[in-house]
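Chains as they are written, first to last, in my numbering: chain A, 1 to 629; chain B, 1 to 315. Ideal Cβ positions, reconstructed from N, Cα and C, are used throughout, including at glycine.
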Amino acid sequence: MNELRYILGGPQGGGLETLSELLSWAYAHAGYGVISDREYFSNIKGRHSYIHATVSATELPRHLTYPVDVVAAMDAETVFTHFDDLRDGGYIIYNSDDDNVSFTSIPSMERDLRERLTSEFKELGVDGTVKSVVKYLQSNRKVRAVGLSFKELLMEIEKREGIVPSQASRYISTILAGAVAAITGINEEDLDYSLKRRFVREDLYRHNRAMANIVIEAVKGQFGSELKLDKSSVKVPGVLVASGNDIIAMAKTVAGVRFQAYYPITPAADESFTLEEYEALSGEGSIVVFQTEDELAAINAAIGAALTGARSSVATSGPGFDLMVEGLGWAGQNEVPVVVTYYQRGGPSTGQPTRGGQSDLLSSVFASHGEYPRIVLASGDHEETFYDAIDAFNYAETYQVPVIHLVDKFLANTIATIPLPNLDGIRIVRGNLAPKGLSGYKRFDLSSVISPRAFLGDYVMWYSGDEHDEYGHIDEDPINRIRMFDKRMKKLDMIEKEIPEERRYSYFGSERPDIVMVGWGFVKGAALKAIEELNGEGIKASYYHIRMFIPFPRESITKIAREVGVDKLVAVEHNYQAQASRLVAMNTGITIGKSVVKYTGRPIYVHELVNAIKNIMRGSVREVMSYGA
Amino acid sequence: MARKLTINDYKTNVWVDWCPGCGNFGILSAMYQAFADLQLDPEKTVVVSGIGCSGKTSHFINVSGVHTLHGRSLPYAEGIKLANPDLTVVVNVGDGDLLGIGAAHFVALGRRNVDLVVIMHNNTVYGLTKGQASPTLARGLHPKALPKPNLQDAVNPIGLAIASGYTFIARGYAARVQHLKELIKKAIQHKGSAFIDVLQPCVTYDNIHTYDYYNKRVYDLQEEGWDPIVKSLEEFPQKAAQALIKSYEGDGRIPIGIFLVNPHVPTFEERYAQRLPNYLKVPPAKEPIEVDGKTVITMRRFKELFGKYIIEFKQ
């Protein structure tokens, strides 16, 4: 077995993250690649939350797919919600104390799901208790059921380790970690590594270690390690195991960010927390992480800081970005390098605040009154995002423009293994800076498109959101207006010339494809895996991955469309309108008439993408995917 | 030693385009004088302004000027000051800008006590959009630009500043330039968020709050023996309460001068410095982030910093 997929489910706030960490770290420590997506409600405690992971012995995976090999359930709701996600012959690990719990008695379950289950269970002939569902899985799907009485296990650990009963429920994560470890054959050393890492306090480690041992013993005796992964063939000297939020925070410290302003918003806020954790950079530096009263303050404080020369950014999501737009225009007008790290989530309005999406592309490209140059880049996976986050600041300072770095909730909350970054190749480019000792400094000197930038504190200078003269003073003269406007907008030509086409896109798969998926962002992981699977079925597929929207990879997409034919292009996106395909049309005149989209807030899974692409090849022009709880 | 700077050194050659007789002239004049008295280094001084008539102030002063967005001058000023605490930052902002569209920022700045000066041009109207009621115009008043009497109550700027936590709170009057100059100097010298509410007649749109109106009513708190200094933290609630009562005095007699000074609150910069040992020594704006184009975070340092995310394999 070289790939393992699992679902871990339970109530929000019930230790699911601990469980996921324990397993991810253990597999990573054993040399496997891991990607682990977290799906959760906008809720602190009680609603159904789950982790969906891929563990690979052959690669550092970026894809998620169904069915899974294991469903590990902390509660009955997980059994009902995910029983159908299991492959035939998979494993369900659950609390046998819940045997008689019926799906109709679960208050946290949404009515829609309960109604769907009612008819589904009727069809399957199950009575809707946990026991009946497990029995159905055993007899109809050859699923192996690992029923564990959590109550008995907790009593056992109370007894053995002298734990107060009220604290015992904290060990449920370790029960499931132990069970998954047993059937997937995680070795002692690797599990121990993650237990030690997670439970720093010695007594907690000891208790959890004991709990895991009890479970492993019980499960191994009965089931063996049937799902043991092959020895890993992934050859990297080291990995980072981190969420997208954390990776971007790390990248920002490397990029030299010295000021980050934010207002709490899901799924962006964790990045600022991580940055704050490292704010003193081992005592040598100072990153001011500034929690503001709203996003209006966040962007404008970040711009203020940028005027002093500090590399400066904000991290936000859709509703926050909407509030920032006026400030972004000021930065455009005043040629301020500021970076917006934009974590897309489901919109419009509050939309699906904890779910993912890619529906803010057009907004990030167009938002604002007036016209000014900006750069928009989008990252497809954890590794890309590390380098993109650094490039964002280099572009911002080189061209003295605001830069929007588009990521999304999927990336933000997904924990993945990526190769240790190579910092030797990273350049810090601060752009055209004014020398010291000038007299009569003009911030908006018209003698070059990129005026030499001085920082507040170096010279006397003025900035104004009004149209201004070379000094920054208000100037409404029509000729000055043209000169200043042209100077700003000419940056777009420079950007177009200087940022190479190859930087703006990546191409994967067949050079003579039967079908070309055109996508961006988190689509990448599923698309790359889909190419492999489609190839396996004799379909030559490829993926054209857009990494920059401004400047747009006009030439390459035009060339591909010409070579393979527009009718072989299909847009794959996490939004309703296939927004990137609209930008393709705007930039090239090429109309991609086919789309595969998903806007449920859940990521695109390989299996559904493969199906959708096959349907497109059979003549469908629009496929809407919907898999996932 | 550098030449002593005169008032003229603080003037730009930009034509001051306020209406003749505007109260803003008095504020600008007081600023020139205060800056000259303090010999502020023009390169190390930043005037941040908002939108409206008062927003133009930054263009008229020969120190760095950042003319920002309506309502957002405080966030700009905070970003500038926090990234480079060596700069002296003064904000000129209108009453609508500060207490209407930007009120959230006004409250938040008080909580932080960033070392800034906020000079509010309080003319009770939105001048540049032709005289609509501002948040400081009392209910029922009917300045000539309004089609109907004002329906909304006025906010109490001094009271709001007290409740928000400003540590230097004063009121000036645009026609008493010397008095205002002294307030501005004290506010600049104060460590922490300083707020000056400046009564500023709008000669074009507000025929109620005229020079004559204020001349008859204003009196100097300090001349009447008001001691604004909070002597100890314990004394603060009582002192603040008394200042609040003073702030409700109006119409008949309008107090100007310093209402409250609380030197016992750490500035925001000091709070950051508690967490960031090098913050004040090498502020964020001045710390090198590259050496010969390479990041200062070497691979070794990266591994030290982020070790908890890293797994290395034996080869």
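- With contacts defined by Cβ atoms closer than 9 Å, G50(B) and V93(B) form a contacting pair.
- One alpha carbon belongs to V114(B), the other to G192(B), and they sit about 5 Å apart.
- In the DSSP assignment, R38(A) falls within the unbroken beta strand (DSSP E) covering 33-39.
- Contact of V90(B) with chain A is not assigned, every C-beta pair being separated by 9 Å or more.
- Cβ contact annotation for A242(A) (same chain, cutoff 6 Å, sequence separation greater than five): none.
- For N215(B), the CB contacts under 8 Å within the same chain, skipping 5 residues up- and downstream, are A175 in chain order.
- With distances taken between CA atoms, A526(A) lies nearest to M625(A) out of N480(A), M625(A), R554(A), K491(A).
- With a cut-off of 8 Å on Cβ pairs, the stretch 211-223 of chain A is not in contact with the stretch 241-255 of chain B, counting fewer than three such pairs.
- Residue pairing of D391(A) in beta bridges, as defined by DSSP: absent, with no partner found.
- For K286(B), the closest alpha carbon among the candidates E158(A), D270(A), R311(A) is that of R311(A).
- In the DSSP annotation of this structure, N156(B) is not part of any beta strand (DSSP E), being labelled neither H nor E.
- In this structure, I61(B) sits away from Y126(B), with a CB-CB distance that is not shorter than 9 Å.
- Residues of chain A whose Cβ lies closer than 8 Å to the Cβ of N62(B) are, in chain order, V460.
- Going by beta carbons, E271(A) and A331(A) fall outside the 9 Å limit.
- Residue environment for R38(A): buried (at least 16 other C-beta atoms within 10 angstroms of its C-beta).
- Against V239(A), the close residues of chain B are I311, in the order they occur along the chain (beta-carbon pairs closer than 7 Å).
- Its Cα nearest to that of F522(A), the residue Y599(A) stands out among K490(A), E498(A), Y599(A), K568(A).
- Per DSSP, the beta bridge partners of S64(B) are V46(B).
- For G465(A), there is no enclosing beta strand (DSSP E), as DSSP marks it with neither H nor E.
- Straight across, the Cα-Cα distance linking T385(A) with A541(A) is about 25 Å.
- Within the DSSP bridge table, the entry for Q344(A) names D408(A) as partners.
- A direct Cα-Cα distance of roughly 29 Å separates K45(A) from D360(A).
- The continuous beta strand (DSSP E) containing K598(A) extends over residues 595-598.
- 9 Å or more divides the Cβ of L4(A) from the Cβ of A629(A).
- Using beta-carbon distances, S232(B) does not count as an interface residue toward chain A, since no partner is under 9 Å.
- R488(A) is outside the set of residues whose beta carbon lies under 9 Å from a beta carbon in chain B.
- Those residues of the stretch 270-296 of chain A placed with their C-beta closer than 8 Å to a C-beta in chain B are Y278, E279, A280, L281, S282, G283, E284, G285, S286, I287, V288, F290, T292, E293, D294, L296, ordered along the chain.
- Residue contact check for R311(A) against chain B: a CB pair falls below 9 Å.
- For N208(A), the secondary structure class from DSSP, reduced to helix, strand or coil, is helix.
- For the options D99(A), S108(A), E383(A), I183(A), the alpha carbon positioned closest to that of K228(A) is the one of I183(A).
- Membership of L151(B) in any beta strand (DSSP E) is not indicated, and neither H nor E is assigned to it by DSSP.
- Between the stretch 427-434 of chain A and the stretch 297-305 of chain A there are fewer than three inter-stretch CB-CB distances shorter than 8 Å, so the stretches are not counted as touching.
- Of the residues assessed, Q579(A) falls on the buried side of the cut-off, its CB having 16 or more other CB atoms within 10 angstroms.
- Annotation: the continuous alpha helix (DSSP H) that includes V365(A) extends over 361-366.
- Fewer than three beta-carbon pairs drawn from the stretch 60-68 of chain A and the stretch 102-116 of chain A are found closer than 8 Å, and the two stretches are therefore not classed as touching.
- At least one C-beta of chain A is nearer than 9 Å to the C-beta of M299(B).
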